[in-house]
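*Asks:*
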Amino acid sequence: MSSLPNTDLKRTLSPLMVWGLGVGYVISGNYFGWNLGLEKGGTLGMAIALFFIIILYITFTFSYTELACAIPKSGGAFDYARRALGDDVGFITGMAQNIEFIFAPPAIAFAIGSYFNIFFPGASVITIAIIVYFIFFSINVAGVKVAATFELIVTVLAVAAVIFFSSLTFQHFDFDHLKQNAFPLGWNGVFAAIPFAIWFFLGIEGVANLAEETINPKRTIMLGFGSAIFTLVILCLVTFTSSIGIAGWEAIVYKSDGATSDSPLPLAMAHIVDSHSWQYQLIIIVGLFGLVASFHGLMLAAGRSTFEFGRMNYAPAFLGKIHPRFQTPANALFVNMLLGIVALLTGKTGEIITISVFGALTLYIISMVTMLKLRKAEPELHRPFRVPLYPVFPLVALVIASVSFGAMAFFNGWLALIYFLALGLSYGVYKFWKKKQGILPSVDN
0 MSSLPNTDLK RTLSPLMVWG LGVGYVISGN YFGWNLGLEK GGTLGMAIAL
50 FFIIILYITF TFSYTELACA IPKSGGAFDY ARRALGDDVG FITGMAQNIE
100 FIFAPPAIAF AIGSYFNIFF PGASVITIAI IVYFIFFSIN VAGVKVAATF
150 ELIVTVLAVA AVIFFSSLTF QHFDFDHLKQ NAFPLGWNGV FAAIPFAIWF
200 FLGIEGVANL AEETINPKRT IMLGFGSAIF TLVILCLVTF TSSIGIAGWE
250 AIVYKSDGAT SDSPLPLAMA HIVDSHSWQY QLIIIVGLFG LVASFHGLML
300 AAGRSTFEFG RMNYAPAFLG KIHPRFQTPA NALFVNMLLG IVALLTGKTG
350 EIITISVFGA LTLYIISMVT MLKLRKAEPE LHRPFRVPLY PVFPLVALVI
400 ASVSFGAMAF FNGWLALIYF LALGLSYGVY KFWKKKQGIL PSVDN
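Each residue of the sequence shown is one higher than the one before, starting from 0 at the first, in numbering that gives the first Met the number 0.
Now the structure itself:
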């Protein structure tokens, strides 16, 4: 009997569960944050940004599905880049993925704490957020099927709430409200709105990190990924138009005291129903489920990303161990939780979101280069799903992601510098550690 520790994850996920996780990772983007892009670009500026970001995510998702089905491993983009472009680019890709998945949840946790604070004004937002971290750490450790079943339930509730919201607001929709002060800052506003347009979809790529835990991964990932991005595009368009159509974009950005709010749905509802009505209260309560779905789902994806880093000797080996009873990456989940709590305590949630988006765009750019390289270098690789209109889809995704990254760096210079310093420092530590220890990354593809 082998004495080697078990590093195999348990296969339990169906296409429906993968859909629930894919939509759940992202659904909070409909409930908070995206409306701040309206302050940057107005209705038209945000709409133009959103148009290109939707094209980015459709072309990227189809391209990424090819990679996920051909190389069904929990490291996602890290494993793909490592195979096509070598260890160093693989490390950079894996770190970008870790940054995205680890640093988006703290902002969502803060929003969850803020929602609770509405109902319990005496409760500390930070304390609630930390408690939420420990609760969902425990759920994730208990098993991926338990985690995915919970995610499916809260995701269905969150989607139903968006549909309910739109059914009420479209009754009061006025197209003229979309034209009010629609392009206040011109094309500069379009570029400034990009990260908020991305927030509608940030995290969908986490579906690929579940490949080793799916039943029949090649079919399951294809069905789960495709249905998830279709659902998210529809929800995004419905949320955007029904919210602004009530009273214009300013009405879902600014509160009555003139301060900005990142909760557009309650602001829109307040224009058509009383704040004490059951409809308004329902949106507030179920909005919490949307936040929980994304927080929980991104924690799950982050655990798999960090786990693969440890399993392949790109990080301390204990991160690549699984829980002997539950067969889940408990060590990776715990470390990610600690890092998330540290980020949460800084109170810089907006900045944390932006850095997370930098990580996502880096992942998108390198993944598309990876796909193009693998098509040439490994034409014989079994690809159960092939992206349509190759090479148009990956090239379009590559161009839009690159332009988006450049625009974000221009409008967020200091945060871009911090992001690059984090990547550079971690890469330097990795190279020093590998040389000093004489440990080579695993060559298992």
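Even glycine gets a Cβ: it sits at the ideal position worked out from N, Cα and C.
Give a yes or no on whether the minimum CB-CB distance between Thr42 and chain B is below 8 Å.
*Replies:* Looking at the structure shown, chain B is missing, and only one protein chain is on hand.
*Asks:* Below 7 Å CB to CB, which residues in the same chain sit around His322 once its five sequence neighbours on both sides are set aside?
*Replies:* Same-chain partners within the cutoff: Val140 and Ala329.
*Asks:* Can we say the region 48-63 touches the region 387-400, given the rule of at least three CB pairs closer than 8 Å?
*Replies:* Flag = yes, the region 48-63 and the region 387-400 touch.
*Asks:* The alpha helix (DSSP H) with Glu99 in it runs from where to where?
*Replies:* Note, Glu99: alpha helix (DSSP H), Asp86 to Phe102.
*Asks:* Could you tell me whether any non-hydrogen atom of the ligand MN is closer than 7 Å to the CB of Phe90?
*Replies:* This structure simply doesn't include the ligand MN, nor any ligand for that matter.
*Asks:* Could you check the C-alpha separation between Pro14 and Pro183 for me, to the nearest Å?
*Replies:* Going from the Cα of Pro14 to the Cα of Pro183 covers about 43 Å.
*Asks:* What residues in its chain sit with their C-beta under 8 Å from that of Gly450, if we drop five residues either side in the sequence?
*Replies:* Beyond the ends of the chain as shown, which are 0 and 444, falls residue 450; an answer cannot be given.
*Asks:* In angstroms with no decimal places, state the Cα-to-Cα distance between Val22 and Lys435.
*Replies:* Those two C-alpha atoms are separated by around 43 Å.
*Asks:* Check for me: the alpha helix (DSSP H) holding Val272 runs from which residue to which?
*Replies:* Here Val272 belongs to no alpha helix (DSSP H), and DSSP marks it neither H nor E.
*Asks:* I'd like to check one pair, Met268 with Tyr253: are the Cβ atoms closer than 8 Å?
*Replies:* No; because the gap between Cβ atoms is not below 8 Å, this pair is not in contact.
*Asks:* In angstroms, rounded to a whole number, what distance separates the CA positions of Leu287 and Trp432?
*Replies:* The alpha-carbon atoms of Leu287 and Trp432 are separated by roughly 42 Å.
*Asks:* So what does DSSP say about Thr154, is it helix, strand or coil?
*Replies:* Helix at Thr154.
*Asks:* Apart from the five residues on each side of it in sequence, which residues of its chain come closer than 7 Å, Cβ to Cβ, to Phe333?
*Replies:* Excluding positions up to five away in sequence, the list reads Phe136.
*Asks:* When you compare each of Asn335, Leu373, Met45 and Ala415 to Ser62 by their alpha carbons, which one comes out closest?
*Replies:* Selected option, being the one with the closest Cα: Leu373.
*Asks:* Quick check on DSSP: helix, strand or coil for Leu371?
*Replies:* It is helical.
*Asks:* Identify the residues that DSSP records as bridge partners of Tyr114: which are they?
*Replies:* Paired residues: none, contrary to the question.
*Asks:* I need the DSSP call for Thr327, collapsed to helix, strand or coil.
*Replies:* In this structure, Thr327 counts as coil in the three-state DSSP scheme.
*Asks:* Looking at the structure shown, is Tyr253 part of a helix, part of a strand, or coil, going by DSSP?
*Replies:* Strand at Tyr253.
*Asks:* Counting C-beta neighbours from all protein chains within 10 Å, is the total for Asp261 16 or more, i.e. buried, or is it exposed?
*Replies:* With 16 or more Cβ atoms within 10 Å of its Cβ, Asp261 is classed as buried.
*Asks:* Can you tell which of Asn411, Ile125, Pro120 and Ile134 has the C-alpha that lies nearest to the C-alpha of Leu110?
*Replies:* Just to set this straight, residue 110 is Ala in the shown sequence, not Leu. Ala110 has its Cα closest to that of Ile125, out of Asn411, Ile125, Pro120 and Ile134.
*Asks:* Going along the chain, which residues of its own chain have a beta-carbon closer than 8 Å to the beta-carbon of Ala400, five neighbours each way excluded?
*Replies:* Correct list, in chain order: Leu55, Phe59, Leu360, Tyr363, Ile364 and Met367.
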